[in-house]
Amino acid sequence: MTTAYIISIVIAGVTLLLLMVLKLKISAFIALLITSMLVGVMAGMPLDGILESMQEGMGGTLGFVAIVVGLGAIFGQILESSGGAESLAHHLIKKFGKDKASWAMMVTGFIVAIPVFLDVGLIILVPIVYALSRDTKKSLLYYGIPLLAGLAVTHSFMPPTPGPIAVAKILDAQLGWVIFFGFIMGIPTAIIAGPIFGKYIAKKIHVDPPQWIPAENISDSNSTSCPPSFFIIVLLIAIPLLLILINTFTGMAVDTGLIRKTILTDMLVFLGHPFSALIIAALLAIYFLGVKRGKSKQELLDLSTKALGPAGIIILVTGAGGVLKQILVDSGIGAMMAQSISDSAMPPIFLAWLLAAIVRVTQGSATVAMITAAGIMAPVLTVFNLGAPETALIVISIASGATLLSHVNDSGFWLVSKYFGMDEKQTLKSWTVMETIIALCGLVFTMLASLFI
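Going from the sequence shown to the working numbering is simple: count from 1 and add 876.
Put into structure tokens, the structure is as follows:
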């Protein structure tokens, strides 16, 4: 196969994927599977080999992702139902003061989106934004953009949210490094896209808070008379992240000979594995936010079951992305692409960002953009012989590209438009620009970090 033919296969595959998702409205799960089959056929793979690669790709990816995303979803659902997000927001606003409440909203969004999906976090916390705007007479965007920036950055950069989990698995990146870089790069990105841009755009677009609160905001969490303490919420969110970081750096210290391998190091690595860390986090959340607060066993079971609904969709789409990766690997296309790219001047970080950005802008879904770009990049990275930190930077670059230019084909665009009472033009000037700032900051920061690693 020539380089031109390889490129034509990849372009044909991505074009078919976008056609099925955009025009034919076929589920991304089915569309990714069909695309994988087409790529395999065009690459000359035997038909039974295509099916075997599909099974291997799906099984290899979901063996990790299904467990992590499922546990993370249960943890987030328990936190949401307890009123923990509101407790966190009120505490931070009190500490920061009304004058710096926009910074409090950014920090709240950044923390809450670690276990809770972005759209859920917005629905839970938007009444607080309404209240702040009414009290200060400032534009809703003054507080809303910082909240959205915090939510969006963490949603894209920080495990155990599904996007970076999926990309990390497909690229075989260590979650500890992804968490480390996601935090280091996420904070300045959220500040630039949040309080700084929010202050600017609030002067350009004045949006008054609605006199009504959408019915979706009326939930069990809002009726919680005694919400959990700030300390408990932060501790529960921090525990799995710290355990995973300890796992990564303990393993690295043992591998490099800094410390000896002992029963203690084995225990730290075991407890810090994402499976163990999230099981511990989920059980602690069930006890401290459920059992100790009077929830019955049946209520907690129902909450856990409810959490797995949206998680199931993400898990299947991620598995289909693993199928595409495996087809590219087994067909030999990945190795040939890698050789072609290694001979070019384009850095892999920029290529990964660009692939995710193209799919994102074209079809809207950040998750599909991340998974598609990761599937294409996975076999390419083998030729570069990247270490764990460099691979984690590729994860962040893909996540960044997948946030670019959210517009009318993205469900998040309409959610923000609805809850902030803005028309399409206002939403493009505020939300879309904010998402683009996140994408560009992510690219710049990953490129800079790659110079020092």
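All C-beta atoms, glycine included, are put in the ideal place defined by N, C-alpha and C.
- Minimum Cα-Cα distance from Leu-1027 among the listed residues Ala-1325, Leu-1327, Met-1310 and Phe-1328 corresponds to Met-1310.
- When secondary structure is reduced to three states using DSSP, Val-1145 falls in the helix class.
- Ala-1129 and Trp-1053 have their C-alpha atoms some 14 Å from each other.
- Counting along the chain, Gln-1050 sits inside no alpha helix (DSSP H), nor does DSSP assign it H or E at all.
- Taking Gly-997 as the centre and dropping the five residues before and after it, the same chain places the C-beta of Ala-961, Gly-985, Val-988, Ala-989 and Leu-1027 closer than 7 Å to its C-beta, in chain order.
- The beta-carbon distance between Val-915 and Leu-1204, rounded to whole angstroms, is 7 Å. This is short enough to meet the 8 Å contact definition.
- Put simply, the region 1154 to 1173 does not touch the region 925 to 932. Fewer than three CB pairs are less than 8 Å apart.
- Runs of the alpha helix (DSSP H) lying entirely within the region 982 to 1014, each at least 4 residues long, are 994 to 1012 in chain order.
- By the neighbour-count criterion, in which a residue is buried when 16 or more other Cβ atoms sit within 10 angstroms of its Cβ, His-1082 is exposed.
- Cα atoms of Gly-1185 and Lys-1045: separation of roughly 21 Å, rounded to the nearest angstrom.
- Distance from Val-1271 to Pro-1038 at the Cβ level is roughly 13 Å; contact not present, criterion being Cβ atoms closer than 8 Å.
- Going by C-alpha positions, Leu-1269 is about 9 Å away from Ala-1049.
- Tyr-1295 counts as buried, since no fewer than 16 other beta carbons sit within 10 angstroms of its beta carbon.
- Beta-carbon to beta-carbon, Leu-1024 and Val-1292 are separated by about 7 Å, close enough to satisfy the 8 Å threshold.
- Distance between Leu-1017 and Ala-1069, taken at the CA atoms: about 12 Å.
- DSSP places Ile-1041 in the helix class (H, G or I) of the three-state scheme.
- According to the DSSP assignment, Val-1284 belongs to no alpha helix (DSSP H), since it is labelled neither H nor E.
- Relative to the Cα of Phe-1151, the nearest Cα in the group Thr-1141, Asn-1123 and Asp-1131 belongs to Asn-1123.
- The beta carbons of Leu-1047 and Met-1253 sit closer together than 8 Å.
- A direct Cα-Cα distance of roughly 43 Å separates Met-913 from Leu-1160.
- In the three-state DSSP reduction, Ser-1207 falls in the helix class (H, G or I).
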